[in-house]
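Remarks on the structure that follows.
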Amino acid sequence: MSAATHGEPIKRYNVEVSNEERRARAEKRRSIATVRLVSLEEAATDPFPVSGLEGILLAWELSKQAWSLSGKPFPSYDRANLPIRLVKRSD
Numbered sequence: 128m129s130a131a132t133h134g135e136p137i138k139r140y141n142v143e144v145s146n147e148e149r150r151a152r153a154e155k156r157r158s159i160a161t162v163r164l165v166s167l168e169e170a171a172t173d174p175f176p177v178s179g180l181e182g183i184l185l186a187w188e189l190s191k192q193a194w195s196l197s198g199k200p201f202p203s204y205d206r207a208n209l210p211i212r213l214v215k216r217s218d
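Numbered by the numbering used here, the letters in the sequence shown go through residues 128 to 218 in order.
This is the structure:
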């Protein structure tokens with residue numbers, strides 16, 4: 128069992144946080160979250176529209192940033208040597 132289930136403080140970010148503090152923070156996050164369920168017919172336009180090209184460019188930038196943060200070298204293999212495996216669905 129974890130410390131959280133025993134009522135002991137959990138050490139995160141070099142700060143001890145009690146279960147009561149964790150619950151209070153979680154409740155505060157829930158109280159300010161905005162969720163609205165609507166049908167597709169009622170749905171408004173996308174507030175953050177991104178075109179196909181913009182989406183690809185955004186994914187490329189985010190990928191480069193993630194790799195740089197990992198500290199690992201950026202992959203340099205060509206498309207023919209991608210580390211993937213194609214698995215066909217059986218009919």
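Using N, Cα and C, we set each Cβ at its ideal position, and we do this for glycine too.
(Q) Can you tell me whether Glu143 is helix, strand or coil according to DSSP? (A) Stepping through the sequence shown from its first residue, residue 143 is reached at position 16. If DSSP states are grouped into helix, strand and coil, Glu143 belongs with the strands.
Q. Nearest-angstrom Cα distance between Pro176 and Gly182?
A. Mapped onto the sequence shown, residue 176 falls at position 49. Mapped onto the sequence shown, residue 182 falls at position 55. Taking the straight line from one Cα to the other gives about 10 Å.
Q: Express the C-alpha separation of Ala170 and Gly179 in angstroms, rounding to a whole number.
A: Here residue 179 refers to the residue found at position 52 when the sequence shown is read from its first residue. Here residue 170 refers to the residue found at position 43 when the sequence shown is read from its first residue. When rounded, the distance between both Cα atoms is 21 Å.
Q: Using the Cα positions of Phe201 and Glu168, report the straight-line distance between them to the nearest angstrom.
A: Here the question's residue 201 lines up with position 74 in the sequence shown. Here the question's residue 168 lines up with position 41 in the sequence shown. Answer to the nearest angstrom: the Cα atoms are 44 Å apart.
Q: Assign Ala151 to one of three DSSP states: helix, strand, or coil.
A: On the sequence shown, position 24 is the one that residue 151 refers to. Ala151 falls in the helix class under three-state DSSP.
(Q) So within the segment 154-214, which uninterrupted beta strand (DSSP E) runs reach at least 3 residues, ignoring any that extend past its ends? (A) none
Q. What number of angstroms, rounded off, separates the C-alpha of Ser129 from the C-alpha of Ile159?
A. Locating residue 129 in the sequence shown gives position 2, where the first residue counts as 1. Locating residue 159 in the sequence shown gives position 32, where the first residue counts as 1. With a pLDDT of 49 at Ser129, under the threshold of 50, the modelled position of this residue cannot be trusted; read the value that follows with caution. Distance between the alpha carbons of Ser129 and Ile159: 28 Å.
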